[in-house]
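Student: Just passing along the structure, written as structure tokens.
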Amino acid sequence: MTATGSRETRRVVDWLLPIDPAAHAEHLPADWRTRRDASAVWEAIGRSQPIGRWCLRSGYRTMRSGDRIWAYLSRRQEVCAVGAVREVVEDTEWFVLIDWDEPRTAKLCRDPLPRAVFGQVPMSTCRAGVRAASALAERFAALG
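Here you go:
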């Protein structure tokens, strides 16, 4: 509640979570770099680690439940999945628990969003900049 007694709503923040597909090579198809559809790459990542739990090196102090998080495939330079932050937890390290939006992610995997559209290169988990946030919000609505 604010000083005037009204509830202040926090704007949803878009986050980019860079993932290196090559780190999951044992499950990747041979043509993972060149195929248009990223579904097999996303599935390979899910076979290699718990897809809903990611270690955070940055962002953990400001990321909040309900924020949107986008999986950015670094070597393909595209976004292929979107979900909502369920919780940020500290175990021996910081982790984000994510509820992936399966219908939107399936559509996004079939037609990934190239970095050229949103213009940001995430080197670690980070907030989307103004241009990227606008492009991501537009794609989120279109995937609806």
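Residue numbers (our numbering): 1 to 144.
Note that beta-carbon positions come from the ideal geometry of N, C-alpha and C, so glycine has one too.
What did DSSP end up calling GLY59 once you bin it into helix, strand or coil?
Tutor: The answer is coil: DSSP assigns GLY59 none of H, G, I, E or B.
Student: Where in the stretch 61-133 do unbroken runs of the beta strand (DSSP E), each at least 3 residues long, occur, reported from the N-terminal end onward?
Tutor: Runs of the beta strand (DSSP E) inside the stretch 61-133: 68-73, 78-90 and 94-100.
Student: With three or more beta-carbon pairs closer than 8 angstroms as the criterion, would you say the stretch 74-87 touches the stretch 99-112?
Tutor: Taking 8 angstroms as the limit for Cβ pairs, the verdict is that the stretch 99-112 does touch the stretch 74-87.
Student: Apart from the five residues just before and just after ALA135, which ones in its own chain have a Cβ nearer than 6 angstroms to its Cβ?
Tutor: Same-chain partners within the cutoff: VAL117 and PHE118.
Student: How close, in whole Å, do the beta carbons of MET123 and VAL96 come, if the pair is a contact with beta carbons under 8 angstroms?
Tutor: Incorrect: roughly 17 angstroms between the Cβ atoms, too far for contact.
Student: Which class does ILE45 belong to by DSSP, given the choice of helix, strand or coil?
Tutor: ILE45 falls in the helix class under three-state DSSP.
Student: Which residue wins for smallest C-alpha separation from ARG57, given the options GLN120, PRO18, CYS109 and ALA141?
Tutor: For ARG57, the nearest C-alpha among the options comes from PRO18.
Student: Classify GLU78 as buried or exposed, calling it buried when 16 or more other Cβ atoms lie within 10 Å of its own Cβ.
Tutor: Buried, by the Cβ-count rule.
Student: Strictly by DSSP, which residues pair up with ASP37?
Tutor: None, per the DSSP bridge assignment.
Student: If the criterion is Cβ atoms closer than 8 angstroms, does the pair ARG76 and ARG131 meet it?
Tutor: No, these two residues do not count as a Cβ contact at 8 angstroms.
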